[in-house]
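Novice: Chain order of the listed sequences is Y and C. Be aware that the first sequence starts at 83, since it is given in the numbering used here, and climbs by one per residue. Be aware that the second sequence starts at 2, since it is given in the numbering used here, and climbs by one per residue. Cβ atoms here follow ideal geometry from the backbone N, Cα and C, with glycine treated the same way.
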Amino acid sequence: MKLDAKIPEGPLAEKWSKHKFNLKLVNPANKRKYTVIVVGTGLAGSSAAASLAELGYNVKAFCYQDSPRRAHSIAAQGGINAAKNYRNDGDSVERLFYDTIKGGDYRSREGNVYRLAEVSVNIIDQCVAQGVPFAREYGGLLDNRSFGGAQVSRTFYARGQTGQQLLLGAYSALNRQIHEGKVEMFSRHEMLDVVTVDGKAQGIIARNLVTGEIETHAAHAVLLCTGGYGNVYYLSTNAMGCNVTAAWRAHKRGAFFSNPCFTQIHPTCIPVSGDHQSKLTLMSESLRNDGRVWVPKTKELAAQIRDGKIKATDLKEDERDYFLERKYPSFGNLVPRDVASRNAKEMVDEGKGVGTSGVAVYLDFADAISRLGEDAVRAKYGNLFDMYYQITDENPYKQPMRIYPAVHYTMGGLWVDYNLQTTVPGLYALGEANFSDHGANRLGASALMQGLADGYFVIPYTLGDYLATIGPKAIDIKHPAFTETKKAVEERLQKLLSLKGNKTVDEYHRELGKIMWEYCGMSRSEEGLKKAKKLIQDLKSDFWKNAIVLGSNEEFNMSLEKAGRVADFIELGELMIDDALDRNESCGGHFRVESQTEEGEALRDDEKFAYVAAWQYTGENKPEALHKEDLKFENVKLSQRSYK
Amino acid sequence: MNLTLKVWRQPNGNTKGTFVTYPAPGISPDMSFLEMLDVVNEGLVKKGEDPIHFDHDCREGICGMCSLHINGRPHGPKQAITTCQLHMRSFHDGETIVIEPWRASAFPVIKDLAVDRSAFDRIQHAGGFVSVNTGGVPDANAIAIPKPVADEAFNSATCIGCGACVAACKNASAMLFVSAKVSQLALLPQGQPERYQRAQAMVNQMDTEGFGSCTNTGACEAECPKEIKITNIARMNRDYFTANFFKDEA
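1) Got a sec: is the Cβ-Cβ distance from residue 468 of chain Y to anything in chain C below 9 Å?
2) For residue 633 of chain Y, which residues in chain D fall below 8 Å Cβ to Cβ?
3) In the structure shown, what three-state DSSP assignment does residue 83 of chain Y receive?
4) Using a C-beta to C-beta distance shorter than 7 Å, which residues of chain Y count as neighbours of residue 62 of chain C?
5) Rounding to the nearest angstrom, what Cα-Cα distance links residue 42 of chain C and residue 101 of chain Y in this structure?
6) Assuming residue 631 of chain Y and residue 579 of chain Y are in contact, meaning their beta carbons sit under 8 Å apart, how far apart are those beta carbons, in whole angstroms?
7) For the beta strand (DSSP E) containing residue 376 of chain Y, list its first residue and its last residue.
8) Would you give the residue range spanned by the alpha helix (DSSP H) that residue 30 of chain Y belongs to?
9) If you compare alpha carbons, which of Y:130, Y:606, Y:155, Y:647 is closest to residue 143 of chain Y?
10) Given a threshold of 16 other Cβ atoms within 10 Å of its Cβ, counted over all protein chains shown, does residue 715 of chain Y qualify as buried or as exposed?
11) Evaluate the contact criterion for the region 395 to 414 of chain Y versus the region 367 to 385 of chain Y: three or more CB pairs, one atom per stretch, below 8 Å.
12) Check this for me: beta carbons of residue 341 of chain Y and residue 493 of chain Y, under 9 Å apart or not?
13) What are the residues in the region 535 to 547 of chain Y lying within 8 Å of chain C by C-beta distance?
14) Rounded to the nearest angstrom, what separates residue 39 of chain C and residue 721 of chain Y at their Cα positions?
15) Just tell me which of Y:271, Y:148, Y:398, Y:262 has its CA closest to the CA of residue 119 of chain C.
16) Would residue 422 of chain Y and residue 363 of chain Y be called neighbours here (beta carbons separated by less than 9 Å)?
17) Identify each residue in the region 162 to 173 of chain Y for which the Cβ-Cβ distance to at least one residue of chain C is less than 9 Å, and report them in chain order.
18) Is the beta carbon of residue 506 of chain Y closer than 9 Å to that of residue 670 of chain Y?
19) Let me know the secondary structure DSSP gives residue 266 of chain Y once reduced to three states.
20) For residue 710 of chain Y, would you say it is in contact with chain C, using Cβ-to-Cβ distances shorter than 9 Å as the test?
21) Counting only beta-carbon atoms, is residue 234 of chain C nearer than 9 Å to chain Y?
22) Threshold first: 4 residues or longer. Then list the alpha helix (DSSP H) segments lying entirely within the region 189 to 231 of chain C, N to C.
23) Quick one: residues in its chain with C-beta nearer than 8 Å to the C-beta of residue 204 of chain Y, no 5 flanking neighbours on either side, listed in chain order?
24) Any idea which residues DSSP pairs residue 142 of chain Y with across the strands?
25) Return yes when the Cβ of residue 369 of chain Y is within less than 9 Å of the Cβ of residue 479 of chain Y, no when it is not.
26) Could you tell me which chain C residues have their CB closer than 9 Å to the CB of residue 358 of chain Y, listed as they occur along the chain?
27) Determine the closest residue to residue 270 of chain Y out of Y:240, Y:292, Y:675, Y:235, with distance taken between C-alpha atoms.
28) As a quick exercise: from Y:617, Y:298, Y:343, pick the residue whose alpha carbon is nearest that of residue 560 of chain Y.
29) Nearest-angstrom Cα distance between residue 547 of chain Y and residue 712 of chain Y?
30) Just to make sure I have the definition right: I need the residues of chain Y whose C-beta is within less than 9 Å of the C-beta of residue 93 of chain C. Which are they?
31) Does residue 364 of chain Y come out as helix, strand or coil in the three-state DSSP assignment?
32) Is it buried or exposed, residue 212 of chain C, if we count other Cβ atoms within 10 angstroms and call 16 or more buried?
33) Using the Cβ count rule (16 or more neighbours within 10 Å means buried), how would you classify residue 582 of chain Y?
34) What first and last residue would you give for the alpha helix (DSSP H) that runs through residue 99 of chain C?
35) Would you mind working out which of C:95, C:89, C:191 sits nearest residue 139 of chain C, comparing C-alpha positions?
36) So which of C:114, C:19, C:91 has the shortest CA-CA distance to residue 640 of chain Y?
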């Protein structure tokens with residue numbers, strides 16, 4: 083199968099407007115004859131569901147949480163980028179495009195990224211019109227701050243709760259459409275399969291998580307807005323319920339999975355405190371605006387800190403190594419996430435880590451507090467400082483925070499073309515669930531931008547083209563494909579429920595997480611990956627023999643939900659290993675030890691690897707087939723990234 | 002730490018529930034409250050017993066999914082945090098901890114500690130929005146909003162919809178939750194065109210859902226993990242009365 087990304091011809095800046103003109107339209111009277119399913123109600127899902135309903139389509143929206151407002155976009159802290167250039171500091175659509183392509187280490191599509199930068203400005207307008215309370219200056223206009231990987235201030239924010247405010251904005255738009263009767267909302271529902279008829283997506287099978295009923299829903303198109311798969315590592319900044327099941331089921335029905343090994347390890351998270359740890363908490367990247375990252379200059383000093391003989395505040399300036407400022411003088415503490423994470427790991431590996439575990443570095447606000455005053459720092463970051471205090475019992479106003487990288491975001495996802503359509507016609511992927519815009523590393527404050535761009539401003543145009551092509555004829559829910567898919571789902575659930583072994587599903591999940599973090603985390607090697615593949619295959623066969631899954635299907639059953647998700651994570655884990663093995667270059671968040679510069683920086687190999695890997699499922703326990711979409715760069719010059 | 006838990010167990014909404022006592026030995030003070038429950042649950046699963054069902058998701062104090070009435074207080078003994086941010090260092094060794102679901106007839110129990118809060122969603126459906134479609138809106142900086150007003154709207158907008166206010170109220174009133182959204186939009190210029198009808202529609206829906214009346218005890222404000230102020234209720238009442246008595250002006 084030849085992958086056609088359907089990037090429009092013509093100059094970069096004109097591609098999207100030309101494309102919009104060329105897309106077919108559905109006439110307003112016909113729109114009400116179509117039904118669209120939206121799975122997931124984070125920024126991408128809520129905005130898509132609301133915008134499509136406003137156009138006149140009938141929408142069925144699904145989420146596993148008890149309310150669409152709880153999707154994990156809500157936890158995004160720092161902000162959202164937009165090329166508004168309100169600061170007069172040299173920003174533009176071109177610059178946001180360039181920063182994003184460069185930040186992604188030249189592994190994303192020019193056309194997609196340019197469009198993202200272009201519509202970024204509309205997002206801010208839309209959110210303000212909905213009543214999203216962004217931070218403002220005394221003159222009443224919007225405030226901005228800086229984020230990693232950029233030298234302009236283009237990040238709009240709402241204290242440390244930007245994701246919450248944007249999601250509640252999208253949720254309010256969704257609520258309005260539910261009120262109008264244009265969106266039917268299914269909370270506490272989990273999608274367990276896609277139904278395809280003649281190769282086209284025409285519905286889903288979902289489980290009502292309260293009653294266990296297996297429901298069949300038909301539609302003219304299905305949009306997966308189901309987020310990322312960071313929980314494959316067990317510990318991540320994702321919510322406990324975040325999972326890959328919807329995307330993975332779609333993958334098994336023919337949707338290619340792209341660049342699964344591109345995962346983002348976020349540099350500033352609260353370090354692990356013990357084996358009981360269930361998740362990790364992010365401290366927003368915005369903190370790197372005012373916080374300075376450092377470790378003790380020598381191993382001896384670090385050891386004294388770890389043993390509790392001295393405190394961080396006891397160290398004099400010349401006993402500290404502000405390693406990011408030292409190594410990257412032009413970007414300093416605001417280098418992109420992958421660079422900051424790798425450097426923190428390097429310091430810890432050298433024995434300079436702090437905290438009782440030794441697996442942490444400092445993020446220090448003493449300078450900012452003496453420069454701006456404690457009140458000003460509190461006004462900017464108060465909620466983050468409180469959260470840190472709550473979790474660690476340490477006061478970050480008085481002593482530096484301890485931070486360490488943690489899995490945060492996944493750039494990989496379902497392969498989509500320029501229209502956000504997967505390799506299954508009628509099946510779309512939006513937001514973090516797709517692979518398209520962030521290459522091998524996502525810049526801070528760009529996830530919110532992409533989720534809302536896809537939902538508010540891309541899919542309302544591109545979906546219409548497909549719907550106009552297939553026509554408004556009602557979907558036949560009696561087609562055998564629906565009953566067959568439902569049966570397959572039920573059989574799988576019964577198979578899970580028959581597992582009465584001796585190991586809990588959480589134990590398998592933790593084990594999977596350890597394998598992934600060790601061998602497919604911040605640095606990866608051929609030897610380690612090969613070992614990990616074997617370990618995961620063994621884990622999989624053991625799971626299907628010895629896991630414990632309790633209860634029955636016809637009830638609210640946490641045990642069953644978790645088992646299904648972990649079983650899918652195990653399979654995804656193996657594909658991530660395959661992808662990481664195939665990509666024998668270092669780029670962005672993917673660091674292969676075999677491919678580095680003399681200074682230990684990531685070394686790309688554009689000759690061999692300037693492509694998007696797109697994996698095709700070929701059958702149970704069979705190796706997946708790799709397809710390659712070559713990346714063409716006509717507007718930017720590929721160069722080794724430098725933040726020095 | 003070694004603790005004893007008295008947990009409300011109820012298989013579903015149609016069956017009567019009861020307290021069941023579980024030992025929770027070997028708990029680290031650094032665990033969060035939910036991690037402590039994870040440990041207990043893992044022990045139950047190993048024994049083939051149904052784990053304690055409770056709602057939770059982000060575990061960062063922002064999604065509003067976690068609930069739990071702990072020793073008689075929504076989200077436990079500490080001020081201004083959700084249950085997921087509560088750590089075991091707030092308890093002492095040997096303590097008995099009583100864990101119940103939110104108690105309110107508008108929040109029926111689904112199973113054990115999980116309740117149905119969809120009434121909150123339906124109140125938002127009734128009017129918790131500004132009626133603007135995607136596209137065709139003015140430039141963001143075309144609307145100047147004084148910083149103190151924007152900050153106050155933001156404070157109201159930080160409500161996470163967890164339902165602690167209802168659980169804390171002797172009348173199971175939802176006034177704090179409803180007034181937070183009404184206030185956010187009443188403070189902002191974008192919310193003005195629908196200001197009064199919004200207050201009216203949301204209050205009417207709240208009454209339909211069976212939440213109780215407000216008698217100004219202030220328990221909601223005291224227990225709110227996001228410290229939403231009771232002054233929001235005064236603001237909502239003002240708009241609600243305007244909507245009812247001065248229809249032509251509203």
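Specialist: Reading it off the structure:
1) Yes, residue 468 of chain Y counts as interfacial toward chain C.
2) The structure shown contains no chain D; the protein chains it does contain are Y and C.
3) In the structure shown, residue 83 of chain Y sits in coil (DSSP, three-state: anything other than H, G, I, E or B).
4) Within chain Y, the C-beta atoms nearer than 7 Å to that of residue 62 of chain C come from 469, in chain order.
5) So the alpha carbons of these two residues sit roughly 53 Å apart.
6) Yes, residue 631 of chain Y and residue 579 of chain Y are in contact; Cβ-Cβ is about 6 Å, under 8 Å.
7) 374 to 378 is the extent of the beta strand (DSSP E) around residue 376 of chain Y.
8) In the structure as shown, chain Y starts at 83 and stops at 726, and residue 30 of chain Y therefore has no counterpart that could be examined.
9) When only C-alpha atoms are compared, the closest one is Y:130.
10) Residue environment for residue 715 of chain Y: exposed (fewer than 16 other C-beta atoms within 10 angstroms of its C-beta).
11) With the cut-off at 8 Å, the region 395 to 414 of chain Y and the region 367 to 385 of chain Y touch.
12) Contact: yes.
13) So the close ones are 538, 539, 542.
14) Roughly 48 Å between the two C-alpha positions.
15) For the options Y:271, Y:148, Y:398, Y:262, the alpha carbon positioned closest to that of residue 119 of chain C is the one of Y:148.
16) Not in contact: residue 422 of chain Y and residue 363 of chain Y (Cβ atoms no closer than 9 Å).
17) When CB distances to chain C are screened at a threshold of 9 Å, the residues of the region 162 to 173 of chain Y falling below it are 164, 166, 168, in chain order.
18) In this structure, the beta-carbon distance from residue 670 of chain Y to residue 506 of chain Y does not fall below 9 Å.
19) In the structure shown, residue 266 of chain Y sits in a strand (DSSP, three-state: E or B).
20) Not flagged as an interface residue toward chain C: residue 710 of chain Y, since no C-beta distance is shorter than 9 Å.
21) Closer than 9 Å: no.
22) DSSP runs (the alpha helix (DSSP H)) wholly in the region 189 to 231 of chain C: 196 to 209, 220 to 224.
23) The beta carbon of residue 204 of chain Y lies closer than 8 Å to those of 538, 539 in the same chain, with the five residues before and after it left out.
24) Residue 142 of chain Y pairs with Y:119, Y:266.
25) No, the Cβ-Cβ distance between residue 479 of chain Y and residue 369 of chain Y is not below 9 Å.
26) Simply 28, 29, 31, 32, 33, 36, 37, 39, 40.
27) The option with the nearest alpha carbon to residue 270 of chain Y is Y:292.
28) The candidate whose alpha carbon is nearest that of residue 560 of chain Y is Y:298.
29) Each residue's alpha carbon lies about 25 Å from the other.
30) The contacting residues do not exist; residue 93 of chain C stays about 15 Å from chain Y at best.
31) Strand.
32) With 16 or more Cβ atoms within 10 Å of its Cβ, residue 212 of chain C is classed as buried.
33) Classification of residue 582 of chain Y: exposed, given that the 10 Å Cβ count is below 16.
34) In the DSSP assignment, residue 99 of chain C falls outside any alpha helix (DSSP H) and lies within the beta strand (DSSP E) extending over 97 to 101.
35) Nearest Cα to residue 139 of chain C within the set C:95, C:89, C:191: C:191.
36) In terms of CA proximity to residue 640 of chain Y, C:114 leads the group C:114, C:19, C:91.
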